[in-house]
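Numbering (this note's numbering), first residue to last: 85 to 360.
See structure below.
This is the structure:
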C-alpha cells in the first residue's frame, strides 16, 4: 500500500468534485476547492476521522468495500478506480512483469508491412518493432536501450519539436504520463518504473507539472500527427492494444485512412526502407 500516493490521489480527486456534482447544497462561501472531507466521508458512508487519516497518509489498509464506496463518492472513472485499488495495495504482482515479447506478437508486427507497429512495456520502453516503425520514429536498432524509452523521448529529446508540434506533444505527453501513473500504481515495487519517474521528475519541469495533476488513464487510442523529414506529415490513429495474458505489454499500431495522403506517405516510406 502506497499511503502517500493514495493520500495525494484522494485529495486531488476531492478537489475536482463540487457539491453540485453530487447533489449537495452549495451553502455558505467555501474556502476549500471541491468537496470538504466530511462531505466525502458522508457520501462514502465512512467516518470523517477514518477518511482524514487516509488523506493524511496514516490510515489503515482500506477494504474493498471502502474503496468501492470512495470511488462512487468521488465519481471516479474506470481507470481512476483501478488506480485507486492499486494504490491501496490491490496491485498486480510485480513478479508477473517480464520483458520478453511472445513469439506470436513478434510474428504479427513483422507481417504488418504497411503499418508501423511496436511493443511497449509498462515502463514505456520499446522492446520490439517492425521496419516501418523504425523508419517513422527513427533508427531504433542503433539506439542504446535507454534512448528507446518513449517518456524520455517526448520530454527530453532535443529534436522533438521537429517531429511533434506543441499541441501534439502536449496531448501525447499528458496521455503518456497519465498512463505511466497507472503503471506506477500497478507495479509499486518495480524499481525500474519508480526510477524512471524519479529521473523525469528531476529532469523535466514539464513532466513534474503533468505528474502532479494525478491524472490516470490507460492509453487506448489517440490521433497523432508525426512529421517525417522525408515523407512529411503523417496523420495516424495510434491504437494501443493489450497483449493477451501479458498485463505489462501493449501493441502500438499507427493506422492511416485508406487512400489518404498519410496512407500514401507510409507507402512511400515503406518503399524507401525496402530500397535502402
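Ideal Cβ positions, reconstructed from N, Cα and C, are used throughout, including at glycine.
Counting C-beta neighbours from all protein chains within 10 Å, is the total for residue i 16 or more, i.e. buried, or is it exposed?
i: residue 274; result: buried
i: residue 145; result: exposed
i: residue 418; result: Outside the displayed span of the chain (85 to 360) sits residue 418, for which this structure offers no information.
i: residue 102; result: exposed
i: residue 177; result: Note that residue 177 has pLDDT 45, beneath the 50 cutoff, so the model's placement of it is unreliable and the number below is only indicative. Its Cβ having fewer than 16 others within 10 Å, residue 177 is exposed.
i: residue 147; result: exposed
i: residue 223; result: exposed
i: residue 271; result: buried
i: residue 202; result: buried
For residue i, collect the residues of the same chain with a Cβ closer than 7 Å to its Cβ; drop the 5 residues on either side in sequence, then sort them by chain order.
i: residue 348; result: none
i: residue 151; result: 168, 169, 172
i: residue 153; result: 128, 129, 130
i: residue 357; result: 215, 216, 219
i: residue 321; result: 305, 307, 339
i: residue 232; result: 209, 210, 224
Quick one: residues in its chain with C-beta nearer than 6 Å to the C-beta of residue i, no 5 flanking neighbours on either side, listed in chain order?
i: residue 180; result: Confidence in residue 180 is poor, its pLDDT being 48 and thus under 50, which makes the residue's placement unreliable; the coordinate value appears in the next sentence. Excluding positions up to five away in sequence, the list is empty.
i: residue 95; result: 139
i: residue 254; result: none
Could you name the residues of the same chain whose beta carbon sits closer than 8 Å to that of residue i, not counting the 5 residues immediately before and after it, in chain order?
i: residue 121; result: 98, 132, 135, 136, 139
i: residue 285; result: 291, 292, 295
i: residue 344; result: 319
i: residue 245; result: 253
Roughly how far, in whole angstroms, is the beta-carbon of residue i from the beta-carbon of residue j, given that I think they are within contact range, below 8 Å?
i: residue 130; j: residue 207; result: So it is not a contact: roughly 35 Å between Cβ atoms.
i: residue 338; j: residue 242; result: With a Cβ gap of about 23 Å, residue 338 and residue 242 do not count as contacting.
i: residue 324; j: residue 303; result: 5 Å
i: residue 301; j: residue 163; result: 5 Å
Name the DSSP beta bridge partners of residue i, please?
i: residue 249; result: Answer is none; residue 249 lacks a bridge partner.
i: residue 333; result: 205
Going along the chain, which unbroken runs of the beta strand (DSSP E) with 3 or more residues stay wholly within the segment 263-323?
-> 305-312
If you scan the segment 187-211 from start to end, which runs of the beta strand (DSSP E) of 3 or more residues do you find wholly inside it?
-> The segment 187-211 contains these whole beta strand (DSSP E) runs: 201-205.
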